[in-house]
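What follows is one structure encoded as structure tokens, with my remarks underneath.
Residue numbers (the working numbering): -15 to 354.
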């Protein structure tokens, strides 16, 4: 990196480290306001409650398909998206279903997607957890890993061309950084200095492939150097560290100073999906990371400040579960889409009338016409 390039970034922005404690030290400062910390905690608790219920519903065969939970990664899910404006965009992966909560998607519509009902924002077209929302600026996730980065970069380019101060937050696992589509997107974003924050949720496993077999570098934020953008590694289970890093990166993007790569070191508690028993991981590894539960860690910090109690937590859980129950009831009572609904929203014009009234040609009919 040249001296001119170095001068563009502060030391904190250029921090590239494999040790989350070093990153957190560089991000240290005044304590977060109590109201912000309570808000972060509340969102994490809601995300955990929603996903644990979804996992139960799947095992009860209440909905089909599959689900990719982010249980254990709540600090990253919440900390990187909670401060986005309505006009900002999230480019999620299949594991970031709960980011809809921070964007304001009602649980009723989220569960309608899981149950693939007509009342879902996608009208029952997408598989569970592959939900987008145009009104709320949430890009529909694709099963093609890293595809959301290319689309997110396109949105960021549009913001830049329209001279808008909005930003895109794109999320993926560390496995996506091995793909050409991820490289192309980040490289283009760096060249054009686009308003996008690339969040790499390093949960150590790309499905069943360990991180050590995915990349020769241990700190994935080091890859930012190749694109001339700042990169930082944070403890992805420390919601305060994640929130501070994301807040700074978002402000940087919003100010026209280009993208940032944030690596959040975290861990998914369960398999890649609900049909993955995750036998490739050791029990010791799983227990090590469960002991670093981001919700419990935040409870300890809040308790030290005197802003948390078990009674307050239980009040929230009651409220969340009532909302979840209502969302499940709404989804299960909603109709499935009709087969002909697949004809809608294919082109900018309607083809329903044409296709439903298409004449069926046969050899006998051709003979009559001839």
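Backbone N, C-alpha and C fix where the C-beta goes; we use that ideal spot for every residue, glycine too.
These numbers were taken from a predicted model, which means no experiment stands behind them.
Length of the line joining the Cα atoms of residue i and residue j
i	j	result
residue 209	residue 278	29 angstroms
residue 232	residue 182	13 angstroms
residue 252	residue 133	21 angstroms
residue 198	residue 162	7 angstroms
residue 355	residue 145	Absent from the model: residue 355. The displayed extent of the chain is -15 to 354, so no value can be given.
residue 342	residue 336	10 angstroms
residue 250	residue 311	29 angstroms
residue 190	residue 79	12 angstroms
residue 254	residue 338	47 angstroms
residue 25	residue 324	44 angstroms
residue 116	residue 135	12 angstroms
residue 272	residue 284	18 angstroms
residue 280	residue 125	30 angstroms
residue 290	residue 21	12 angstroms
residue 322	residue 44	25 angstroms
residue 216	residue 327	45 angstroms
residue 99	residue 137	30 angstroms
residue 175	residue 41	45 angstroms
residue 334	residue 104	20 angstroms
residue 18	residue 287	11 angstroms
residue 143	residue 59	27 angstroms
residue 70	residue 49	30 angstroms
residue 230	residue 213	15 angstroms
residue 81	residue 52	8 angstroms
residue 300	residue 67	21 angstroms
residue 160	residue 188	12 angstroms
residue 153	residue 243	10 angstroms
residue 203	residue 184	11 angstroms
residue 158	residue 318	37 angstroms
residue 340	residue 32	44 angstroms
residue 330	residue 108	14 angstroms
residue 141	residue 74	14 angstroms
residue 93	residue 101	9 angstroms
residue 54	residue 35	8 angstroms
residue 77	residue 128	9 angstroms
residue 195	residue 225	22 angstroms
residue 359	residue 29	Since the first residue shown for the chain is -15 and the last is 354, residue 359 is missing from the structure and cannot be characterised.
As assigned by DSSP and simplified to three states, the class of residue i
i	result
residue 188	coil
residue 31	helix
residue 159	helix
residue 170	helix
residue 216	strand
residue 104	coil
residue 48	coil
residue 323	helix
residue 180	strand
residue 205	helix
residue 154	strand
residue 117	strand
residue 16	coil
residue 122	strand
residue 330	coil
Host beta strand (DSSP E) of residue i (start-end)
i	result
residue 136	Element bounds for residue 136: not the beta strand (DSSP E) but the alpha helix (DSSP H), 131 to 145.
The alpha helix (DSSP H) enclosing residue i, as first and last residue numbers
i	result
residue 226	223 to 238
residue 339	336 to 340
Neighbour flag for residue i against chain B, beta carbons, 7 angstroms
i	result
residue 190	Among the chains in the structure shown there is no chain B, since it carries only a single protein chain.
Local Cβ density within 10 Å of residue i, reported as buried at 16 or more and exposed below that
i	result
residue 293	exposed
residue 156	buried
residue 275	exposed
residue 186	buried
residue 95	buried
residue 219	buried
residue 87	buried
residue 313	exposed
residue 211	buried
residue 259	exposed
residue 205	buried
residue 47	buried
residue 298	exposed
residue 27	buried
residue 63	buried
residue 261	exposed
residue 106	buried
residue 267	exposed
### Task
With a floor of 4 residues, list each alpha helix (DSSP H) that falls wholly inside the stretch 53 to 99, ordered by position along the chain.
58 to 63, 83 to 87, 91 to 98
### Query
Unbroken alpha helix (DSSP H) runs of length 4 or more, entirely within the stretch 247 to 315: which are they?
267 to 274, 278 to 289
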